[in-house]
Each structure stands twice: as structure tokens, then as C-alpha cells.
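**Q**
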Amino acid sequence: MVLKVLHPYLDEGKVAFVAIANKSFDAANANRMICIYRSLSSEDDQKTLAYGCLGLSIGYEQENVSRNLDKIIYGLCKGYRRVLSSEGIPKIFHDRDFIYMLRELRFELPTTITNDEETSIGIIKPISLLRALEENFNGIKRNEFKELVEIFFKAVQEESANFSLPIEARQRNDYRDIPTTLRDSMKLDSKRRRLYGRYKLVIDESEDESAINLLLQTGILDSDPTRTSIFRMSDFPDDINNELRNVEVLSTIKLCMETGRTIVMINTSRIHGSLYDVFNQNFSIMATGDTRKIFSKVAIGPKTIDVAVHEDFQCIIHVKRSEFESIPAPFLSRFQKYSLSINDFYRIRLHKLPGIEQDIMKNVEEKVSSFIEHFGRNYFHGLNESTLYSCLLSLIKIHENEEHSLLSIHQHYTQLTVRLKSFIEQNPTNTEQCLVRFVLSKLVQLVSPESIILKLPVFEEKVKQWLCNLYFQHQEHFNFGNFIEQLVSKQFLNIDNDLRPSSEHQMVQNSLHTTTKVIIFTRTSSYVIGLNAKSKNELFTTNNNDDETSNYSRQIDIINLNTIENSVELYDRFNTYTEDTNKTVLMVIIDGRNGQQRSHIPFVRQLIDKTESSYNTNHCSEPKYFLVLVHSSTQDLYHQSCFPSIFLHNWEFYFFDTCTPGSAFHLQKMLRIILSSSLDDQQSPNVDNVLCDLNILFEDSLWDFCSRIQLLLPELSENMFKNTKAHEFYKRQTNTMRRVKCFKHILQQSRQLQKHILDIYHKYLLRKENSSKKIYNLIQKISKDILCGQRFDGLIDSIQSQTRNSFTNFVSNIFKFIVNDYGLETLPKLSAHNKIYDSLLNLIDYQSFSVDDDNDIFSSSTTRGIFQLSSHYSCIPQTPLYYLLHQRVKKHADNITETVAHELVKHQDNEDDLRRDYYDAPPQVTTANYNNANETEIAQYTFEQYRVKLIVSILNDNVLTGAICQHIVHSYSTDLIRTFCSIAENNFDYDLTQCQQAVDFVSRWLLLIDDKDRQSLESYPNKDVWHLANVCTSFEYEQNDLISMYSAFRIISLISPANSSHDHLFDEEHITRSKLREKFFYSIFNYLWENLNRLNTNDDTWIYAYTFISKYYPSEKVLRSLQLSEIKNRIEFMNLAYLIFLNDTLVKPHELISILLKEINFTWSSVCLKLLPTITDIIGRYLETKNIANSTLFIDLQQWTLTILKSTKQPSQQDIYFLFKYIDQSTCRLSLQMKQYLFDELINICLQLEDRKKKCF
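Numbering (the working numbering), first residue to last: -1 to 1255.
(1) From Arg259 to Tyr575, what distance separates their C-alpha atoms?
(2) Roughly how many angstroms separate the alpha carbons of Thr427 and Ile358, rounded to a whole number?
(3) Measure the Cβ-Cβ separation of Gly77 and Ile121 and say whether it is below 8 Å.
(4) Check this for me: beta carbons of Ile744 and Pro826, under 8 Å apart or not?
(5) Please go through the stretch 165 to 240 and give each complete alpha helix (DSSP H) segment of 4 or more residues, from N-terminal end onward.
(6) Find the nearest neighbour of Thr801 within the set Phe741, Asn573, Ser699, Ile962, judged by alpha-carbon distance.
(7) Do you know offhand how far Glu1149's Cα is from Arg945's?
(8) Check Ser282 in the structure and name its three-state DSSP category.
(9) Identify the residues that DSSP records as bridge partners of Ser630: which are they?
(10) Does Gln866 come out as helix, strand or coil in the three-state DSSP assignment?
(11) Classify Leu711 as helix, strand or coil using the three-state DSSP reduction.
(12) Note down the Cα distance separating Arg79 from Pro124, rounded to an integer number of angstroms.
(13) In terms of alpha-carbon separation, which member of Asp304, Ser388, Thr412 lies closest to Asp342?
(14) Is the beta carbon of Ile554 closer than 8 Å to that of Val586?
(15) Using C-beta distances below 6 Å, list every residue in its chain close to Val147, excluding the 5 sequence neighbours before and after it, in chain order.
(16) Please check the pair Leu1315 and Val817, which I expect to be a contact at CB under 8 Å, by giving their CB distance rounded to whole angstroms.
(17) In the DSSP assignment, find the beta strand (DSSP E) that holds Ile874 and state where it starts and stops.
(18) Compute the beta-carbon to beta-carbon distance between Leu338 and Asp206, rounded to the nearest angstrom, for a pair I have assumed lies under 8 Å.
(19) Are the CB atoms of Tyr970 and Tyr820 nearer to each other than 8 Å?
(20) If you measure between the beta carbons of Val362 and Leu390, is that distance less than 8 Å?
(21) Under a three-way DSSP split, which group does Ser403 fall into?
(22) Helix, strand or coil, according to DSSP, for Val362 in the structure here?
(23) Could you check what DSSP says for Asn244 in three-state terms: helix, strand or coil?
(24) Identify whether Thr104 lies in helix, strand or coil by the three-state DSSP scheme.
(25) Assuming Lys814 is part of the alpha helix (DSSP H), what are its boundary residues?
(26) Starting from the C-beta of His379, find all residues in its chain whose C-beta is less than 6 Å away, skip the five residues before and the five after it, and write them out in chain order.
(27) Inspect the CB distances between the stretch 1150 to 1157 and the stretch 1176 to 1191 and report whether three or more fall short of 8 Å.
(28) How far does the alpha helix (DSSP H) with Thr302 in it reach, from first residue to last?
(29) From Asp589, Asn564, Ile894, pick the residue whose C-alpha is nearest to that of Ser524; which is it?
(30) Just list the beta strand (DSSP E) runs in the stretch 584 to 638, keeping only unbroken ones of 3 residues or longer that don't cross its boundaries, in chain order.
(31) Below 7 Å, is the gap between the Cβ of His598 and the nearest heavy atom of the ligand COA?
(32) My guess is that Glu1039 and Arg1002 are in contact by the Cβ rule of under 8 Å, so how many angstroms apart are they, rounded?
(33) Within its chain, find whatever has a CB closer than 8 Å to the CB of Glu933; leave out the 5 residues flanking it on each side and keep chain order.
(34) Using the three-state DSSP reduction, which class does Asp1142 fall into: helix, strand or coil?
(35) How about Asn648 and Phe234: do their beta carbons lie closer than 8 Å?
(36) Give the straight-line distance between the Cα atoms of Tyr1220 and Lys1251, rounded to the nearest whole angstrom.
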């Protein structure tokens, strides 16, 4: 169709036109001209050609050339024809290859000058023919080339029987390897190169352009940029038809031709047409004197210009093996062809190793190859013939003196693989085993999890164990955020073999390399397709901007190749990344489903190599990292490879089952539990402390739970919550969407809680009958479906869809227990106490909401019931799951109490009928006070014995023991006081701050111990259990003192806020519980007494003060203490003042109290009963003065007197006799009925005292 514009001129015949084409014209063009077809060369043509190339003529042959040379030439022509017709030799050779082979042989022909000064030409040597074939008929596989050589030699031998390689040469294997052949050809001097040298065509078997890098690395190509220039053209849409870019490249090539540089052309087919004269070496020579210049035509744009070609100029065209078949033979014939594979370079290095190390490497290659075949080659993503040899090649080191040796195993570790040290060096002295494991660990990086699971049964148990351990424990294939964290982490060395010698540890540290370039294969997902600068934040979970982990997302720059239209734009993005000091990771997203984007991978790799080398060489301490994420559909993963996995030039390759953040975490853990169940738990490393986003994983559970809750708890005021999100969650007006957001925000601050919930879910599954087998069968079935094409999702997504309902229902039920009693308020506060979550969550009875289905282990309830949220307390407990914890502890205490009560019923034979009043502690079944001579167990049941029983009972409860720690003991003590004293709080005006201060004070006191308890504490290894039992026992025995201390603290805070702080009481070193309690009560009563006159002038303060005095008295045991006994009589008088204040017949009760205080003049030694006559007289006069008749005040006075007597365990007989005498006096103001009643009560008290004395004897 291109010639159509010439049809008018061809039809008229006025313009001379000659066209040369590789193929026949169509009829429309052919019938307008004379077509001359060049037929295939005949035998005579080839013979004539051969003589001409060798510089001989047919006529001259008979006279000066030996008959043997003639036969050899015939044989070469015959061999060439056989090669062209051979089925086993690729059809890539042309006459030009045969011509240049003959020209090389001509140069190698020995010539001599005869006596008559004529030139005598010698014979062609077999070795010369072999070298010429290596130079001109290469570019095919090694076995094919050997067949080609045999064809030529056999054809020549048929004409000349003696033509063969010497036996020594055949034994020595004189075949050169391809790199050596290329090296020798590149070193030809200009004269030889001009006569028979051609430019080079390198056929890369690796498919990833590794051949060029290896040529530079081995010195075949000079790595000096002033001597070698590499031209790599892109296939971006805007670049393909960009003539300006083509002219740019051609201009640079022109400069290289003039200066004698070697050029390497990669993916430059678009400009090959401009360089045909150069490739053909169609040079024109201009010589003036001693100077000689070579010119060739180059088409630059629409113009063709003559370009000077330097004598040292060389050109290498790079093509992939997969592209080779589509290249026309005439183009191929212009070049010397060399097929380069990584295997070629590996074999060169292998043969230079010492004999022992050669044997090791051969065994390693054999074992790894066997593993690949056993596992299945198609299951390794990106695996080709070069992958294994790239791993083996990297094991060999070339020293400065060109000696070769194996690298030490320590020199192979990077920040990504150092965690494999214990796996690789299971037996450090066995070098072969270490190398095998190292190479296998590289290859396993390319395998999908479903392939691992499916192939496990084909291995023996030992191999199965370490394969699972390697893949699921030591390598990362599921969590992309965690992988990036490992990649950029500066804490490289994290070896779990702490017992290794420090010298070896330091050796690993010093030899540790940094991986900065990684290609990751994964499945296509909506998340990966939409991955950009905004969505990258979802790779990590933390919202704490000060946390190091939260910086990772800000350090990532993402380039989605879908948005790139040309190479200039891509260059600019790379330059922007290198100039940004805040960015450390560049992620390039490539859609492997798109053939156009797949073709960009080599260009992107080359750009990464160049950028990484130039930047990191100058910034070793702060390197830049590069990730290439290639995603493909599940259907394509096992049928075509996007890019070969070649572990050279510091590139690493991994397969990821999913890149969606968080979705893989608990399923990955499930795989670890099931697949490594036979491993020793101590050998399995703790890999749960990983960086992952659990928010997505819990998303369904949050919505399910929040949509099913019904709030039955009271709505507390906002000031009771320190977490505003928690308060909003518990508000009845909050809708479901907002409630989910609040809950999610709180969970983000309690990340460890989410992980522990996952742990419990997995343990819950494993407790089911045959659970391991059922889960494994499920995972294996899913894996098989994926590999068979019946599922298009990855393993993680497939399992997640299978377990979604079970997991969501399980987590929702756990949320119910956590959220009850305003539990969301306490979760963020315990984020630093990660270890307690697991044990606390074990307090939940999971069987209460589990569903047992033998056929489906992941079955869940089909009905979605309502979660009724309630509160057991009027306050907010600070201990997570406080209700469950308290009920568990209380159950142990109640069991002990029930046992003691049962025994008390049988042994109760001595009951004290004295009335208990405000001096006595409330009746406790555990406080038995027997003094029987037989000293039964019940008689001996003291405070200490109760505590011992409780400690033993708690220690037998593994769940409760595991939940107890110092922090829990403290918070439990605080919540115990807070909930117990909430009833007393109703007597005060609510003040959250004062209430909390009182709770904290009493709780701190409750945690103290007495000197007599220290020995008991030291005798128990578990100090936390002892403290918890001590707190519970104190709560059982000293409830009256607890409520008294709390009320006293609140009263003082209300009466005198300036004196409300009692923290100084704890400042004393080694302060004991008894001593602090004594000091506290003494200070309280002393303050009330000293301020009695001021207090009784204000009704409110009076009520608070005397409510405590009358109602919240400490126990008699406390009041008998040294300091309190001194003011006991003052306390009794204050109680009388309280009765006076409550009397309805008095208008101004505080006036009477003031008179009593003034006239009585209390001292330390004053006894209230002895002052009764004086008090009665003062009250009587006051009533007469105020004209108050029928007052009941004397009845209160009488009751007060009896209360004093009955509240004392051992009333003084002297005080009783004093009262007898007083009521018998005529001056006593009490009425006759009151005297009679008082007399009867005193007689009863005396009789009871006598009975008590008799029982004691």
C-alpha cells in the first residue's frame, strides 16, 4: 500500500525506479514493473561464493591450492546446505553468516611465500572452523550448536576423511562458552573486525535483561559510561510515535559512533531502520595521506547524513528469546548472534571453584532441582530456566585476584531474611545444608499459600514441618504493611538464637546487606487497582502521629502506571521522589493483566536500577527503597508469568496472597496454628507483634454488634466519662452509624485487644472436636478450588468469606461483655497493659454463645438476637470485665463462707446477746470467736486462715490466676471500694472529684499490709494473688471500717476542702494498714471535736458531721487503739450532740450543745457516764429557761446512756453502780418511769455479765 502513491509515475514510465524487497509484491504493484526474483543459491553458486570469500579463484585453484583444501571447501558448502535444511537447527541463518564464516577462515588460513615469490595458501584447520562457527553460527541452544558443528564436520569429513579435531582437543572440550566467545570477539583489533567482524546480537535467555548486567559485571562490556552507552527505549503510548525522542536517541548514537564508544541497544526496534547501513557495515572510506576515515549513512528524521564511524565503535543489539522468532532472518544475518543465559555465567564461575566447593554446589543444584520438580514448576511465580541459576550464581564470590570461592552463609542475610537465620543454620557446620535451605527459602518466596497447602501431603513429615514453618512463620506473604515495615526498618538484626557466640553475632551484623529493590506478585483486587497517595494510609493502622509506625504511610510515594503516558513523566516522578527527603519508599503499581503495562516492566526496572545506584551510593545511611507491585488475575497467575523472577543485582521477589490491609491477619494466624500444630510451641517464633490494620477485619463485627444492641443501662452524665467517644456511644440518641464510628475509634486505641480476641477465636475453634482436621480440610479444599479455577479469589478472601458469619457472631458476643458496665471507658487506658487482655477475656464463657455443628465447624446462629446492654453498678468500673472478674473472685469467697457458715450452725453454742450498735462491725459469718478447749477448725477460723483458704482456692483457678497482675489488683481494689461505697455516696451531694479522691484513698489503704502479714506474703511466689486475697479478706472482715473511712473522707471534703487531702499519711516509710487507719480516724475525730462549736452553727455541716458520728463508726477493735481510746469519750459526747440536734422539741439545738460544751469543760480523762448528772442538770435548766414542756430529750439521754453501756463488750461494773446510785437520788431529773426502765436495763446487763463469767469457767 505504501507504493500506491507511485502508481501514476510507474504507469507513465517516465521515472526510473528500482525497488529491493524481502517479499513478493502484490498483483497491483507487480504488474506495473518487471519483477526479478533471486533464486536460492545452487551448489556451484555456493562454491563460487566460498572461493571468492576465501580470496581464491576457480581457475587458480588447480595450480596453487592443494586438492585437500578444495575438498574442505566443498564440504563446507555441503554442510551449510544441510544446516539450512536440518529440522533440528532453527531457521535463523542466512548466506551472510556463511560469508562471514568464510572470511574469518580466510584470515586464519596460513600463507607462505615460495621460492619463486608466489603466495602458497595452507589448509583450513579444524579448530579454525570451530572458532569460525562459534562466532558466526551461534545464537542457538548449546545442544543445537553442537549438532550444527557435527553437521559441518561430518560434511567436510565426507570429502576429506582426515578433517577432525584432535583427540586431545575433544577430550579437552575445546568448545568455548558463550561469554568467552563474545569476550574474544569484542577484543578483535580493528583490522580483523573490518575483515570478518560484525556487530553483535545478544539473545537474552533470562527474559529480564540480566544478560546486559552480567556482561557489565564480568567486564565483557566496559562499565565506564564514557566507553559504553546503553540506550533503552520505552513503550509508553506517547513515546512510540515520538519522532523527537527518536531523533534524540539517534543523535546520541551518532556521537558514540564518532567517538568510538560501544553502544548497547535495548528495545530500540523503532530506530533500527535508520541504522541499516551501520548494521550492514556499509561504510565509505575517505583516505587523505596517513589519515583514514570511515563513514556510514544514518537516517535522522527525514534526512540521511553521513556519520563518521570510529575504528573502535561497536554495537550490541539486545533481544529477548521470546522476541527472537519474530525477527526476520535478513536482520538477524547482519549480526553475530550470541545466546546468553545465566547458566552460562554460573558454569564459568562453578568451574573456577575449588573441587570441594564444586561438589557442594553440584549437590545443592541437584537437591533444589529435585525439590522444584517434586513441588511443581508451575507453582513458582516467575520461575524460568534462569531462576535457580541466579540463586546459585549469587553464592559465588570473585576476589580481587580473580580467585573464586563460596560466600559465607552470613554474607547472604538482608533485613528481610535475617529472621531466617535459625531456619537456615539449623546445623551451621553443614555448609551444603545451609546453602540448600537458603536457596529454597528464596524459591519459596515465589509460591502462593494455596500451592503450599495443596502440596504438603506429598512431602514427608519433617519436610512438611519446616516448609510450613518457613512460609507461614518466617516469611511475609499476607500483610503488606508489615512487609514494608520490615523493609525500611533499621533494626535489622533480630536473631532468635541468643545462645550464639557474640563474635558470630557481630559477624552477621557486619555482613548484613540491605535490600532496596523488590518485585511483588499478587492478585488483582479493587484495593490494588485504586491504590494511590490517599489509600496508602490504610496500609498501616495506628492513628498516633508521634508513633514511628504511623510515619510509614507518609514515607511512601506511589506511582500507578495506569496514569503514566510517557517516559519523561515517569522520569520526573522518580526525580521528585529522590529529591523528597521525607519519602523513603517508592511503590510502582503495574497491572499484569494489561500486555502493554507488562512490557513496561523492564523499562521500570532499568530506571529503578539507575536511580537506586546513583542515590544510594551517596546516601548509604538513609537509602531509598523501591517496590514494584505486579498484580494479575487469578486465572492468569498459573498460566502466564508477568515477569521472570531472577534473583540478581540485589532484586528480591515475593508472592503476596493479598495486599488488602488487615483482611489476612486472623486467617494467616489460623493457617499458622493449623499447619504448625505439630511444631514445638517453644520453637515457633512469636510473630504476632506485627503491624496490621485490624479495623477492616472487625468492620463487619462492629456493624453487626451495634445494629443489635438495646441499651438498658442508666444514662450517666458526661463528666463521669473521660472518653467523649465512650459517652457518645452510650447515649440513647446516638444512631447506629455514629455508634460504629465511636466504637471503631476506641478499638483503634486498643489494638492488642483486637489481636487477643483473634487468638481466643482460634483457640475456641481448636477446642471443637476434630477441629484441626476440619479446618485443614476446609483450607485444603479451598486451595484446590483456586488452583483448579473454580474460585477466582485468593486464599485469604476465600477463607474469609467462608468464616465471616462465624467470626462476626463470635466477636459480637465478646463485644457484649466488653461494652457492658460502660466498659468502653476503660479500654484505651489499658492499651499499655497488653498481657492482661488474653487472660481477662478468658473469663468469658464462650460456650454460652457457641454453636456445635459436627458438619460445619464455622457454623453460627442463624437468628440475630438482641444484645441487651446493662450495668450492674451505678458507677463506671475501671477494671475491664470487672463484673466477670468480681463474680469469679466472689464465687471463691462465697464457697469458703458457705463452708464456714455450715460449720458455724453445727457448733454455735455460745451466742452473745449484747446489742450490737455503732461500735461493732456488721455481723460476719467468718469472724467466729470461739475459745473452746478442743480448738476445732471453726474456732481457729481467723482473718489469716480465711485469707489462706482464699489464696489456695484462687491458685487452683488457672483462668483467674492468669488474669491477676499488679495492675488488675490495684484497679480491682479501686472498683471494689467504688461499687461498695456507692450506697453511702447517696448521703452526699454528688461530686465526681471528691468521690474519686475518697475511693482512691480507701483503695490505697486497702492495698497496704500490716507487719504481721509480711511473712505470709513472702511465703507465696505469686505476690499478686496474695494481695488480691488480702484485699478480698479485708473486705469481708472490715466492711464497717471501709464505709467509715470513705464517709469520713467525704465529710471532711465537704466541711473543709482545704483539709481534704490525706496523702501525707502515706508518706511515712513502711506505713502499715493498722497504723494509717488509726492515724486517719484520730485526725478525723480530733478535727470534728476541735471544730464542734463552728460546725453546729451550720445545719448542713452539722448533718454531715454527725451522720458520720452516729452512723459510720469504725469498729470497736479500731476504737480500742491507743490514740482513739483517748478521745472515745469525746466521740460519745458528739453522739449525744447528734441526738440533741435531731430532737423536734428544740428550736435551737446548737445553742444547747454550745452550753454543754462550755459548762462541762471536757478533758482527755472525762467519762461521759460520770458526767451524766451534770449533763442532765444542764439540760433540765435549759428546758426550764426556754419553757419547753413535755420534751422527749430526756428519753434520748436515757437511750444514749444505755447505748454506751451495751456497745462495750466488757462494761465497767463501777460505771453501772454509779448509775444505780444516780437514779436513786432525789436530785435526778429523770421521771419515775424512766428511772424504772433504766433500772431494769441495768439489772439485765449485770445478769448477762455474770452469765458470761460462769461460761468462761
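Just so you know, even glycine gets a beta-carbon here, dropped at the ideal spot from N, CA and C.
**A** According to the structure shown:
(1) Sequence index remark: in the sequence shown, residue 259 carries index 261 (1-based). Sequence index remark: in the sequence shown, residue 575 carries index 577 (1-based). Answer to the nearest angstrom: the Cα atoms are 32 Å apart.
(2) The residue you call residue 427 lines up with position 429 of the sequence shown. The residue you call residue 358 lines up with position 360 of the sequence shown. If you take the alpha carbons of Thr427 and Ile358, they lie about 13 Å apart.
(3) Start at 1 with the first residue of the sequence shown, and residue 77 comes out as number 79. Start at 1 with the first residue of the sequence shown, and residue 121 comes out as number 123. No, they are not a contact pair.
(4) Taking the sequence shown and counting its residues from 1, one reaches residue 744 at position 746. Taking the sequence shown and counting its residues from 1, one reaches residue 826 at position 828. Yes. Within cutoff.
(5) 165 to 170, 176 to 184, 188 to 194, 208 to 215, 235 to 238
(6) Taking the sequence shown and counting its residues from 1, one reaches residue 801 at position 803. Of the candidates Phe741, Asn573, Ser699, Ile962, the one whose C-alpha sits nearest the C-alpha of Thr801 is Ser699.
(7) Start at 1 with the first residue of the sequence shown, and residue 1149 comes out as number 1151. Start at 1 with the first residue of the sequence shown, and residue 945 comes out as number 947. Cα to Cα, the separation comes out at about 50 Å.
(8) By 1-based counting over the sequence shown, the position of residue 282 is 284. In the structure shown, Ser282 sits in a strand (DSSP, three-state: E or B).
(9) Position 632 of the sequence shown, counted from the start, is the residue given in the question as residue 630. In the DSSP output, where bridge partners are listed per residue, Ser630 has Arg521.
(10) Taking the sequence shown and counting its residues from 1, one reaches residue 866 at position 868. In this structure, Gln866 counts as strand in the three-state DSSP scheme.
(11) Stepping through the sequence shown from its first residue, residue 711 is reached at position 713. Looking at Leu711 - three-state DSSP - the assignment turns out to be coil, as it is neither helix nor strand.
(12) Taking the first residue of the sequence shown as 1, we reach residue 79 at position 81. Taking the first residue of the sequence shown as 1, we reach residue 124 at position 126. Taking the straight line from one Cα to the other gives about 19 Å.
(13) Working through the sequence shown from its first residue, we reach residue 342 at position 344. Selected option, being the one with the closest Cα: Ser388.
(14) Along the sequence shown, one-based indexing puts residue 586 at 588. Along the sequence shown, one-based indexing puts residue 554 at 556. No. Outside cutoff.
(15) What you label residue 147 is simply residue 149 of the sequence shown in a count that begins at 1. Closer than 6 Å at Cβ, skipping near neighbours: Leu131.
(16) In this structure the chain extends from -1 to 1255, so residue 1315 is not present and cannot be described.
(17) Residue numbering aside, residue 874 sits at position 876 when the sequence shown is read from its first letter. Unbroken run through Ile874: none, as it is neither H nor E.
(18) Stepping through the sequence shown from its first residue, residue 338 is reached at position 340. Stepping through the sequence shown from its first residue, residue 206 is reached at position 208. Not quite, the Cβ-Cβ distance comes to about 12 Å (not below 8 Å), so this is no contact.
(19) For the purposes of this step, residue 970 is taken as residue 972 along the sequence shown, with counting starting at 1. For the purposes of this step, residue 820 is taken as residue 822 along the sequence shown, with counting starting at 1. No.
(20) Here the question's residue 362 lines up with position 364 in the sequence shown. Here the question's residue 390 lines up with position 392 in the sequence shown. In this structure, Leu390 lies closer than 8 Å to Val362 by Cβ.
(21) Within the sequence shown, numbered from 1, the residue matching residue 403 stands at position 405. The answer is strand: DSSP assigns Ser403 an E or B state.
(22) Within the sequence shown, residue 362 is the residue found at index 364, counting from 1. In this structure, Val362 counts as helix in the three-state DSSP scheme.
(23) Numbered from its first residue, the sequence shown carries residue 244 at position 246. Three-state DSSP puts Asn244 in a helix.
(24) What you label residue 104 is simply residue 106 of the sequence shown in a count that begins at 1. The displayed chain sequence assigns Arg, not Thr, to residue 104. In the structure shown, Arg104 sits in a helix (DSSP, three-state: H, G or I).
(25) Within the sequence shown, numbered from 1, the residue matching residue 814 stands at position 816. Note, Lys814: alpha helix (DSSP H), 793 to 817.
(26) For the purposes of this step, residue 379 is identified with residue 381 of the sequence shown, where counting begins at 1. Result list for His379: Leu444, Phe519, Phe653, in chain order.
(27) yes
(28) Residue mapping note: residue 302 aligns to position 304 of the sequence shown, counting from 1. Taken as a continuous stretch (DSSP letters only), Thr302 belongs to no alpha helix (DSSP H), being part of the beta strand (DSSP E) at 301 to 307.
(29) Translated into the one-based positions of the sequence shown, residue 524 becomes position 526. Of the listed residues, the one whose Cα sits closest to Ser524 is Asp589.
(30) 623 to 630
(31) This structure simply doesn't include the ligand COA, nor any ligand for that matter.
(32) For this step, residue 1039 is matched to residue 1041 along the sequence shown. For this step, residue 1002 is matched to residue 1004 along the sequence shown. At residue 1039 the sequence reads Asp, which differs from the Glu that was named. Not a contact, Cβ separation roughly 14 Å.
(33) Counting from 1 along the sequence shown, the entry for residue 933 is found at position 935. The predicted model places Glu933 with a pLDDT of 37, which falls under 50 and marks its position as unreliable; any figure quoted below should be read in that light. For Glu933, where only same-chain residues beyond five positions count, there are no Cβ hits under 8 Å.
(34) Taking the sequence shown and counting its residues from 1, one reaches residue 1142 at position 1144. Of the three classes helix, strand and coil, the one that applies to Asp1142 here is coil, per DSSP.
(35) Here residue 648 refers to the residue found at position 650 when the sequence shown is read from its first residue. Here residue 234 refers to the residue found at position 236 when the sequence shown is read from its first residue. Against a cut-off of 8 Å, the Cβ pair of Phe234 and Asn648 comes out as no contact.
(36) Sequence index remark: in the sequence shown, residue 1220 carries index 1222 (1-based). Sequence index remark: in the sequence shown, residue 1251 carries index 1253 (1-based). If I take the Cα positions, the gap works out to 26 Å.
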